[in-house]
Amino acid sequence: MNCLELRRAALTDPHRLDAGTLRHAEQCPACMQFLGRGLEAEARLAAALRIPVPEDLPGRLLERTDTAPRPLRWLALAASLLIALALAFVIGTPRPDALALAGIDFVVFEEAQAIADAKPADAAVLARVARDMGVSLPHQLGEIRYVGTCPFAGATAHHVLVKSPLGKVTLLLLPARPLASRAAAAAHGLEAAMVPAAAGSVAIIGGSARSIVRTETLLKSS
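As structure tokens, this is what we get:
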């Protein structure tokens, strides 16, 4: 596996990468960054495609263009270009997601207490929840140091602490919290991503964008 092969695979489907590709990404910061940009671009494109377009918009635009005097046509064209540039800026500059920020706040301010207050957890329950959500928990994630449940954002989260090759990662599996598309945020020196699952969603909080991308890719490797 080399950088070119990884990038070809990522352009085909960044969510379905084999073990060799993931090993290369872990050892190559440039490729890991490329994967992160690809996932972010997919999320922005999905968000843009969900913006509804009025059914009669093409007809209205053609009608106005045909009937407008020539100087006004140039003004209309300029206005259209400005709108396109503004949309590109908005789509290309996503705002920090509130739920992803809540995940960071949980790790910074609440995680230690949540672990202290938690009842003994059953690993079999976590495995069943992950399976029902369509989430993979392969051994490549790293050493699972803690499993429990806790309240998060008005729902019950299955709380997992992982010691990964890229540092500590917190997972919050939210089977009752569906999500349309990926969202991200950064605060307090941490990165977070909210990732849709087949059922529900997963919050991933870690110390770097590389650790987030690595974990997200492994969760979707089933």
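One rule links them: number in our numbering = place in the sequence shown (from 1) + 3.
C-beta atoms are modelled at their ideal positions from N, C-alpha and C, and glycine is treated no differently.
Given R148, which residues of its chain have a CB within under 6 Å of its CB, disregarding the five upstream and five downstream residues?
Residue numbering aside, residue 148 sits at position 145 when the sequence shown is read from its first letter. Here the set comprises L164 and K166.
Residue(s) in a DSSP beta bridge with E146:
Counting from one through the sequence shown, the residue named residue 146 turns up at place 143. Residue pairing of E146 in beta bridges, as defined by DSSP: K166.
Under three-state DSSP, which class holds L182?
By 1-based counting over the sequence shown, the position of residue 182 is 179. The answer is coil: DSSP assigns L182 none of H, G, I, E or B.
What did DSSP end up calling A130 once you bin it into helix, strand or coil?
Taking the sequence shown and counting its residues from 1, one reaches residue 130 at position 127. Secondary structure of A130 (DSSP, three-state): helix.
Beta-carbon within less than 6 Å of P199's beta-carbon, same chain only, minus the 5 sequence neighbours each way: which residues are those?
For the purposes of this step, residue 199 is taken as residue 196 along the sequence shown, with counting starting at 1. The answer, listed in chain order, is L182.
Alpha-carbon spacing of V128 relative to D120, whole angstroms:
Here residue 128 is taken as the residue at index 125 of the sequence shown, counted from 1. Here residue 120 is taken as the residue at index 117 of the sequence shown, counted from 1. Approximately 19 Å, taken between the alpha carbons.
Going by DSSP in three states, A190 sits in which element: helix, strand or coil?
Within the sequence shown, residue 190 is the residue found at index 187, counting from 1. DSSP places A190 in strand when its eight states are reduced to three.
Could you name the residues of the same chain whose beta carbon sits closer than 6 Å to that of A124, not counting the 5 residues immediately before and after it, in chain order?
On the sequence shown, residue 124 is found 121 positions in, with the first residue counted as 1. Hits under 6 Å: V150 and G151.
Suppose you measure from the CA of A212 to the CA of Q36; what does that come to, to the nearest Å?
Taking the first residue of the sequence shown as 1, we reach residue 212 at position 209. Taking the first residue of the sequence shown as 1, we reach residue 36 at position 33. Their Cα atoms are separated by approximately 8 Å.
So what does H161 bridge to, in DSSP terms?
Counted from its first residue, the sequence shown places residue 161 at position 158. For H161, DSSP records a beta bridge to T152 and L176.
With distance defined between alpha-carbon atoms, name the residue in L222, S224, I215 and G106 nearest to P32.
Numbered from its first residue, the sequence shown carries residue 32 at position 29. Out of L222, S224, I215 and G106, the CA that lies nearest to the CA of P32 is found in I215.
Which value, in whole angstroms, describes the spacing of the CA atoms of G157 and G192?
Taking the first residue of the sequence shown as 1, we reach residue 157 at position 154. Taking the first residue of the sequence shown as 1, we reach residue 192 at position 189. Between the alpha carbons of G157 and G192 lies a distance of about 25 Å.
For S139, report the span of its beta strand (DSSP E) as first-last.
Stepping through the sequence shown from its first residue, residue 139 is reached at position 136. Boundaries for S139: no beta strand (DSSP E) harbours it, and the DSSP string shows neither H nor E there.
If you follow the alpha helix (DSSP H) that G203 is part of, which residue opens it and which one closes it?
Here residue 203 refers to the residue found at position 200 when the sequence shown is read from its first residue. Run containing G203: none; DSSP gives neither H nor E here.
From which residue to which residue does the alpha helix (DSSP H) around A22 run?
Within the sequence shown, residue 22 is the residue found at index 19, counting from 1. A22 to Q30 is the extent of the alpha helix (DSSP H) around A22.
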